[in-house]
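Numbering (my numbering), first residue to last: 1 to 129. A virtual CB, placed ideally from N, CA and C, is assigned to each residue, including glycine. Heads up: the structure comes next, in structure tokens.
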């Protein structure tokens, strides 16, 4: 079996066979374009550096905003909790005061009742004697 023939010449065949369209001397005398390091390396690097700097600036702003909001929340939180606890205690105190007033009214009515009973007994005992 013979190896399959390749339509593309190998690298050794390219260097040994002259091109049909151009002569070797023409290829050798041709100047290569200079490597444009500015557009290939420097500008992409500068663009990426600028993008990184913009990201860091935006990130720092966001981080500062977060810290300020967290500080405001943490500072206001004890005040709010103290206010809420004070309101709850005031409600409880008012409730106790109302209960004391009701108990005082009940005590006064009971005292009046006992006084009337005593007077009634005294009147009954005075009639019987």
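- For residue 26, the uninterrupted alpha helix (DSSP H) run begins and ends at 24-29, by DSSP.
- Taking the Cα positions, residue 94 is about 16 Å away from residue 83.
- When only Cα atoms are considered, residue 104 and residue 87 end up about 26 Å apart.
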